[in-house]
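A.B. asks: Respectively, the protein sequence lines represent chains A and B.
Quick note: the first sequence uses the working numbering, first residue 166, plus one each step.
Quick note: the second sequence uses the working numbering, first residue 166, plus one each step.
By construction, the Cβ of each residue, glycine as well, lies at the ideal position given by its N, Cα and C atoms.
Keep in mind that this is a model prediction, so the values were computed, not measured.
2 protein chains.
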Amino acid sequence: MTGVRKQKAAQTEAALKEAARRLFVERGYLNTKITDITKAAGRSTGSFYEHFADKDELLAGLLADMRGQASEQIVAEHPREHDLTDREVLKAHLGMAWGVFREHLPVVVALFQSMVADEPGSGRAWRDLTADTEMLREHLEWLEERGHRLPGAPGILAPAIGAMLAMLAYAVMTAADGGPEMADEEIVEALTGLVSGGLGAFGASRMPG
Amino acid sequence: MTGVRKQKAAQTEAALKEAARRLFVERGYLNTKITDITKAAGRSTGSFYEHFADKDELLAGLLADMRGQASEQIVAEHPREHDLTDREVLKAHLGMAWGVFREHLPVVVALFQSMVADEPGSGRAWRDLTADTEMLREHLEWLEERGHRLPGAPGILAPAIGAMLAMLAYAVMTAADGGPEMADEEIVEALTGLVSGGLGAFGASRMPG
DNA sequence: GTCTATACCGGGATAGAC
DNA sequence: GTCTATCCCGGTATAGAC
Chain A
166 MTGVRKQKAA
176 QTEAALKEAA
186 RRLFVERGYL
196 NTKITDITKA
206 AGRSTGSFYE
216 HFADKDELLA
226 GLLADMRGQA
236 SEQIVAEHPR
246 EHDLTDREVL
256 KAHLGMAWGV
266 FREHLPVVVA
276 LFQSMVADEP
286 GSGRAWRDLT
296 ADTEMLREHL
306 EWLEERGHRL
316 PGAPGILAPA
326 IGAMLAMLAY
336 AVMTAADGGP
346 EMADEEIVEA
356 LTGLVSGGLG
366 AFGASRMPG
Chain B
166 MTGVRKQKAA
176 QTEAALKEAA
186 RRLFVERGYL
196 NTKITDITKA
206 AGRSTGSFYE
216 HFADKDELLA
226 GLLADMRGQA
236 SEQIVAEHPR
246 EHDLTDREVL
256 KAHLGMAWGV
266 FREHLPVVVA
276 LFQSMVADEP
286 GSGRAWRDLT
296 ADTEMLREHL
306 EWLEERGHRL
316 PGAPGILAPA
326 IGAMLAMLAY
336 AVMTAADGGP
346 EMADEEIVEA
356 LTGLVSGGLG
366 AFGASRMPG
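#1: Please confirm if residue 264 of chain A has its CB atom under 7 Å from at least one CB of chain B.
#2: Give me the chain B residues within the contact set of residue 331 of chain A, using Cβ-Cβ distance strictly less than 7 Å, ordered along the chain.
#3: If I measure Cβ to Cβ from residue 228 of chain B and keep anything under 8 Å in the same chain, skipping five residues before and after, which residues do I get?
#4: Go ahead and pull the three-state DSSP assignment for residue 193 of chain B.
#5: Taking the Cβ atom as the reference point for each residue, do residue 322 of chain A and residue 294 of chain A lie within a distance shorter than 7 Å?
#6: On the three-state DSSP scale, how would you describe residue 213 of chain A?
#7: With 7 Å as the limit, tell me which residues of the stretch 170-202 of chain B have their beta carbon closer than that to any beta carbon of chain A; keep them in chain order.
#8: Pick helix, strand or coil for residue 297 of chain A, following the three-state DSSP scheme.
#9: Got a sec: which bits of the stretch 274-307 of chain B sit with their beta carbon under 9 Å from any beta carbon on chain A, in order along the chain?
#10: Please check if any C-beta of chain A sits within less than 7 Å of the C-beta of residue 335 of chain B.
#11: Among B/250, B/234, B/269, B/360, which one has its Cα closest to the Cα of residue 313 of chain B?
#12: Given that residue 356 of chain B touches chain A, what residues does it touch there, using C-beta distances under 7 Å?
#13: What are the boundary residues of the alpha helix (DSSP H) that includes residue 329 of chain A?
#14: Mind checking the stretch 234-255 of chain B against chain A and listing, in chain order, the residues whose C-beta falls within less than 9 Å of any C-beta there?
#15: Taking Cβ-Cβ distances shorter than 7 Å, what residues in chain B pair up with residue 260 of chain A?
#16: Taking CB distances under 7 Å as the criterion, tell me whether residue 339 of chain B reaches chain A.
#17: Under 7 Å between C-beta atoms, does residue 328 of chain A make it to chain B?
#18: Assuming residue 327 of chain B and residue 298 of chain B are in contact, meaning their beta carbons sit under 8 Å apart, how far apart are those beta carbons, in whole angstroms?
#19: With H, G and I counted as helix, E and B as strand and the rest as coil, what does DSSP make of residue 203 of chain B?
#20: Taking only beta-carbon atoms, is residue 316 of chain A less than 7 Å away from chain B?
#21: May I ask you to report which of helix, strand or coil DSSP gives residue 198 of chain A?
#22: In or out: residue 198 of chain B buried (at least 16 other Cβ within 10 Å) or exposed?
#23: Do we get a CB-CB distance below 7 Å when we pair residue 226 of chain A with the residues of chain B?
#24: Between B/287, B/302, B/255, which has its C-alpha nearest residue 356 of chain B's C-alpha?
#25: Hey, how far is the Cα of residue 243 of chain B from the Cα of residue 266 of chain B?
#26: Would you identify the three-state DSSP class for residue 347 of chain A, choosing helix, strand or coil?
#27: Taking C-beta pairs closer than 7 Å, name the residues in chain B that residue 231 of chain A reaches, listed in chain order.
#28: Specify whether the stretch 276-287 of chain B and the stretch 179-194 of chain A touch according to this definition: at least 3 beta carbon pairs, one from each stretch, less than 8 Å apart.
#29: So with Cβ pairs under 7 Å, would you call residue 319 of chain B a contact of chain A?
#30: Residue 218 of chain B lies in the alpha helix (DSSP H); which residues open and close that run?
#31: What is the DSSP secondary structure of residue 312 of chain A, counted as helix, strand or coil?
#32: Using DSSP with H/G/I as helix, E/B as strand and the rest coil, what is residue 341 of chain A?
#33: Going by alpha carbons, who is nearest to residue 317 of chain B out of B/364, B/310, B/338?
#34: Report all residues from its chain with a CB closer than 6 Å to the CB of residue 176 of chain A; omit the five preceding and five following residues, and keep chain order.
#35: Going along chain B, which residues have a C-beta under 8 Å from residue 344 of chain A?
#36: Residues of chain A with CB under 8 Å from residue 360 of chain B, in chain order?
In structure tokens:
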């Protein structure tokens, strides 16, 4: 039976992925060479190409793993009601996003680097950002339809909030030391306050004149 | 006199910088090779090294140019009062930052890519982010000392706002087309509303229970 | 200072034995 | 499927003529 072979192959693939995850956090996606990965995994260079066409495909694999893992828990926990003007609901959302970043840091780092390294002319940053915050945008639109007054168009607020979350998480989680001496909980709390105030309190006219 | 030589050299250096600026926006800093720059500038490869040790040094030069230009106008326009709870003051600040990003896009793109491409383990992202938002942090601390209640520590709010601004600007300004069909003014207005509400309205307890 | 030519090397990718 | 050995190219950086 070929089961043994398959198993061994699966082991190698897993080893490569595992090594990649580790290296992506330490050195980053861009600076990690394929040979670094194979070396760290204790395999040969040639073996890599039996499993992945290139580094991008490996990343895609990691991403798929993450989605498979994360989507379950998210769907399970995801509240049906989405009144983001409710401070606690908002905080739950932000906290969940932050937690996913934290848990899948290798993939997050890799994706972030890969996105930014792309040709600016490709417009990929904007595309990714809007795609990843689509759900948030819809929630905001829903609020608007219900008569809630937002400080701006959902089409810009959602990407803005997503940008803040992603960039800040990247910075905080890769801060070797000397980062914010602050627990994740505190950070999420602060962000919640910032966003919550902006989204919710807009009716209270602070307009001059 | 050697003035003629010097002048020619200065011309070459300027040409290289100018070409670099153009290419950085189109292809990005990382994807632009030294040979691309010299080619675009109509100079030879070897000539490059007469002016810069490497690509990093060229970027440092561009950055210096930008600072020299920007600091004047900023200092000139910078209001002495910094009550960021005043919506218009806040908007002026955000608008100014956005304008600098827009005007010096090549340098901004290059710095951003360079920052993100660094080894995550270096912690550079957090270091840069805190350094670039130091002034904002001080303003927030000043507010706090005066008894104003913020939604979180200035040490995290300032980087958070900076992260939002930087990442969003990068995404928006490199969005080939299909970006937000929105003028800069509208974007700044929306961001102002978002941040202003968060910073200012916190007293109004929206706490549950 | 600027050019042409080239040395040099890192690293992606493949060939072919096992 | 995995290995070793190698090809090969892009791109940095330098040498030396002008």
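C.D. replies: Taking the coordinates as given:
#1: no
#2: 332
#3: 272, 276
#4: coil
#5: no
#6: helix
#7: 190, 191, 192, 193, 195, 196
#8: helix
#9: 274, 277, 278, 280, 281, 282, 283, 284, 285, 286, 287, 288, 289, 290, 291, 292, 293, 294, 295
#10: yes
#11: B/250
#12: 325
#13: 319-338
#14: 250, 251, 252, 253
#15: Correct list: empty, because the minimum Cβ distance to chain B is about 14 Å.
#16: yes
#17: yes
#18: 4 Å
#19: helix
#20: yes
#21: coil
#22: Flag for residue 198 of chain B reads exposed.
#23: Chain B contact via Cβ: absent.
#24: B/255
#25: 17 Å
#26: coil
#27: None at all; the shortest Cβ gap to chain B is about 17 Å.
#28: The stretch 276-287 of chain B is in contact with the stretch 179-194 of chain A.
#29: no
#30: Looking at the DSSP string, residue 218 of chain B is not in any alpha helix (DSSP H), and its letter there is neither H nor E.
#31: Coil.
#32: coil
#33: B/364
#34: none
#35: 288, 291
#36: 359, 363
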